[in-house]
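In the working numbering, the protein residues as written are 131 to 360.
Note that CB positions come from ideal geometry on N, CA and C, so glycine has one too.
Let me begin by presenting the structure, written as structure tokens, before commenting on it.
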Amino acid sequence: MKRARLSEQIVNEIQRMIRDEGFSDGDRFYSENVLTKKLDVSRASVREAIRILEISGKVTVRQGKGIFVCDPISKGVNTFAAWLQSNEADLRDHFEMRRILEPKAASLAAEKADEKDLEAMEGTLDAFSRQVASETREGIIEEDRIFHLALAKSTRNRPLYILMKTMAESLSEGWISSLNIPGRAERTVAEHKAIFDAIKARDPKRAEKVMTAHLENAEKEILDYMQRQG
């Protein structure tokens with residue numbers, strides 16, 4: 131598989147396996163090792179796809195037992211809300227870390243980004259908007275992450291970029307969860323545009339401010355959603 135949109139491809143392929151190979155609600159699915167071999171991808175990529183499917187309620191991961199197929203419709207439960215409740219502490223930690231790193235990254239990007247960087251970020255804005263319009267969940271998550279990494283790269287700070295890239299790949303819950311909130315993706319389009327406009331205007335303080343607001347909005351909407359679901 132090509133690296134681009136890899137998580138989306140793996141998610142689609144796993145869903146095809148579940149459908150075409152006759153897996154039903156409650157059935158134990160293939161292990162990460164088996165999926166890695168079947169799909170010829172890294173274990174990290176498989177874990178990312180499984181995480182996306184778990185948050186959307188298509189599978190559940192039982193520690194020490196494996197991956198199991200879920201049918202949330204037949205259960206009549208909001209599996210996303212249940213996942214949020216059980217991972218609230220990790221989500222809070224995720225956003226706390228991002229609030230430490232990303233506003234400063236946006237500020238640095240406003241100082242250091244060149245025309246090529248701006249073109250790359252603007253391209254991710256367009257791609258994200260297209261995914262939101264087509265309501266492609268995996269594509270929305272992927273393009274959101276690409277925007278934030280393009281911004282990080284434009285800081286010209288290699289350790290910061292590596293740290294944010296590692297965080298995006300290994301601590302992806304915040305990206306995935308916030309974009310599952312109804313209407314959040316549409317609001318993110320406008321927030322990304324505000325961040326980009328501040329960077330393009332070479333306004334570090336405004337870039338830092340709007341990035342902080344973007345992260346605070348995402349976390350608040352997750353917590354509000356959890357409260358509404360009870």
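Exercise for the section: Give a yes or no on contact between the region 270-285 and the region 241-261, applying the rule of three or more CB pairs nearer than 8 angstroms. Expected result: Counting Cβ pairs under 8 angstroms, three or more are found: they touch.
Next item on the list: Return yes when the Cβ of PHE153 is within less than 8 angstroms of the Cβ of VAL191, no when it is not.
Entry: Contact: no.
**Asked** Would you call PRO233 buried or exposed, if buried means 16 or more other Cβ atoms sit within 10 Å of its Cβ?
**Response** PRO233 should be labelled buried.
ask   = Where are the alpha helix (DSSP H) runs, 4 residues long or more, that stay fully inside the region 311-356, in chain order?
value = The qualifying runs are 314-330.
_Span of the alpha helix (DSSP H) around GLY269_ = Start and end: 267-283.
Exercise for the section: For the alpha helix (DSSP H) containing ARG158, list its first residue and its last residue. Expected result: Note, ARG158: premise wrong, no alpha helix (DSSP H); not H, not E.
Q. By the 10 Å Cβ neighbour count, where 16 or more other Cβ atoms means buried, how is ILE230 classified, buried or exposed?
A. So ILE230 ends up on the exposed side.
Q: Determine the burial state of ASP220: buried for a count of at least 16 other Cβ atoms within 10 Å of its Cβ, exposed for fewer.
A: By the C-beta density criterion, ASP220 is exposed, having fewer than 16 other C-beta atoms within 10 angstroms.
Does any CB atom of chain C fall closer than 8 angstroms to the CB of GLU151?
Here chain C cannot be found, since the structure has a single protein chain.
*Between the region 172-184 and the region 331-341, do at least 3 Cβ pairs fall closer than 8 angstroms?*
As far as the Cβ criterion goes, the region 172-184 does not touch the region 331-341, which means the pair count is below three.
- prompt: Got a sec, what are the start and stop residues for the beta strand (DSSP E) ARG192 sits in?
  reply: Looking at the DSSP string, the run of the beta strand (DSSP E) that includes ARG192 is 189-192.
| said: Please tell me whether GLU316 and HIS344 are closer than 8 angstroms, where the distance is taken between their beta carbons. | reply: Between GLU316 and HIS344, the C-beta gap is not smaller than 8 angstroms, which leaves the two residues out of contact.
Backbone CA spacing between ARG288 and GLN193 [nearest angstrom]: Between ARG288 and GLN193, the C-alpha separation is close to 36 angstroms.
Problem set entry | Unbroken beta strand (DSSP E) run spanning VAL199, endpoints | 196-199 is the span of the beta strand (DSSP E), which, as asked, contains VAL199.
Anticipated Cβ contact below 8 angstroms, GLU299 with ALA174, distance rounded
Here GLU299 really is in contact with ALA174; their C-beta atoms are around 7 angstroms apart, less than 8 angstroms.
- prompt: What's the gap between the Cα of ARG358 and the Cα of GLU245?
  reply: If you draw a straight line from the Cα of ARG358 to the Cα of GLU245, it is about 44 angstroms long.
*Is ASP201 near ASP155, with beta carbons less than 8 angstroms apart?*
Yes, these two residues count as a Cβ contact at 8 angstroms.
Exercise. Provide the residue span of the alpha helix (DSSP H) that contains ASN217, from first to last.
Key: Unbroken run through ASN217: none, as it is neither H nor E.
> Residue range of the alpha helix (DSSP H) that GLY253 falls in?
Replying inline: Note, GLY253: alpha helix (DSSP H), 245-264.
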